[in-house]
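One structure is given here, and the rest of the page talks about it.
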Amino acid sequence: MTTEVSPGAAPGAEDDGTRWLDAAEQRAWRAWLYSTQLLQERLERDLTRATGIPHAYYEILVQLSETPDRQMRMSELADRCLSSRSRLSHAVSRLEERGWVRREVCAEDGRGLLAVLTDEGFAALEAAAPVHVESVRTHLFDQLSPEQVAALEDIGRTLLRHLDPD
Numbered sequence: 001m002t003t004e005v006s007p008g009a010a011p012g013a014e015d016d017g018t019r020w021l022d023a024a025e026q027r028a029w030r031a032w033l034y035s036t037q038l039l040q041e042r043l044e045r046d047l048t049r050a051t052g053i054p055h056a057y058y059e060i061l062v063q064l065s066e067t068p069d070r071q072m073r074m075s076e077l078a079d080r081c082l083s084s085r086s087r088l089s090h091a092v093s094r095l096e097e098r099g100w101v102r103r104e105v106c107a108e109d110g111r112g113l114l115a116v117l118t119d120e121g122f123a124a125l126e127a128a129a130p131v132h133v134e135s136v137r138t139h140l141f142d143q144l145s146p147e148q149v150a151a152l153e154d155i156g157r158t159l160l161r162h163l164d165p166d
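1 is the number of the first residue of the sequence shown in the working numbering; add one for each residue after it.
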């Protein structure tokens with residue numbers, strides 16, 4: 001539910017201990033919420049339409065491409081992609097079908113599984129990256145002034161320190 005104003009109470013009233021959003025906070029919250037949802041939908045649509053790669057699969061390829069030997073433990077990959085282990089396993093299965101990722105037993109302990117980006121997967125990522133970055137540029141950065149970009153980074157880092165202190 002996006003309504004954050006107490007029914008029957010003036011915005012900001014704390015009669016029941018709830019810290020209701022005032023009108024300015026409500027406008028900021030809704031603008032941020034709707035704009036980030038629309039941006040994610042647009043990025044997904046642009047990438048999928050042009051490359052056939054869903055954004056979740058693209059993110060897996062990116063994460064693997066940025067690691068030494070293009071491999072990572074499945075559990076760590078799930079954490080980095082903000083995904084459940086089962087959802088990531090399903091996505092990796094689809095990427096394996098395309099020949100873009102393969103699974104290997106972790107040599108360190110013989111128990112864990114690694115996701116390994118194949119040369120074909122890296123080539124698919126290289127082909128998709130210009131589409132993705134153009135979409136990000138068009139729908140986000142081209143809409144903002146340099147000052148807004150700096151503020152966006154500051155806000156993002158502040159929220160990350162609070163939400164993901166690791």
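Ideal Cβ placement from N, Cα and C applies to all residues, glycine included.
As the structure is a computational prediction, the values presented were derived from the model and not from experiment.
Have a look at 100, 116, 52 and 104 and flag the residue whose alpha-carbon is nearest the alpha-carbon of residue 68.
-> 116
How far does the alpha helix (DSSP H) with residue 56 in it reach, from first residue to last?
-> 55 to 65
Is residue 1 buried or exposed, if buried means 16 or more other CB atoms sit within 10 Å of its CB?
-> Because the pLDDT of residue 1 is 47, which lies under 50, any placement of that residue in the model is unreliable, and the number read from its coordinates should be weighed accordingly. Exposed is the call here.
Have a look at residue 141 and residue 89 and give me their C-alpha separation to the nearest angstrom.
-> 33 Å
Cβ neighbours of residue 155 in the same chain (closer than 8 Å, five flanking residues each side left out) = none
Could you tell me the boundaries of the alpha helix (DSSP H) in which residue 49 lies?
-> 23 to 51
Cβ atoms of residue 47 and residue 101: under 9 Å apart, would you say?
-> no
Looking at the structure shown, is residue 82 part of a helix, part of a strand, or coil, going by DSSP?
-> coil
Return helix, strand or coil for residue 1, following the three-state DSSP convention.
-> Here the model assigns residue 1 a pLDDT of 47, short of 50, so the residue's position is not dependable and the matter cannot be decided.
Is residue 79 close to chain E, meaning its C-beta is less than 9 Å from at least one C-beta of that chain?
-> Considering every chain present, this structure includes no chain E. It has just one protein chain.
Proximal residues to residue 105 (C-beta, below 7 Å), its chain only, five neighbours per side dropped | 113
Complete beta strand (DSSP E) runs within the segment 72 to 128 (minimum length 3 residues, chain order) | 101 to 105 and 113 to 117
What is the residue span of the alpha helix (DSSP H) that residue 160 lies within?
-> 146 to 163
Residue 74 vs residue 87 beta-carbon contact at 9 Å = no
Would you call the CB atoms of residue 53 and residue 43 closer than 9 Å?
-> no
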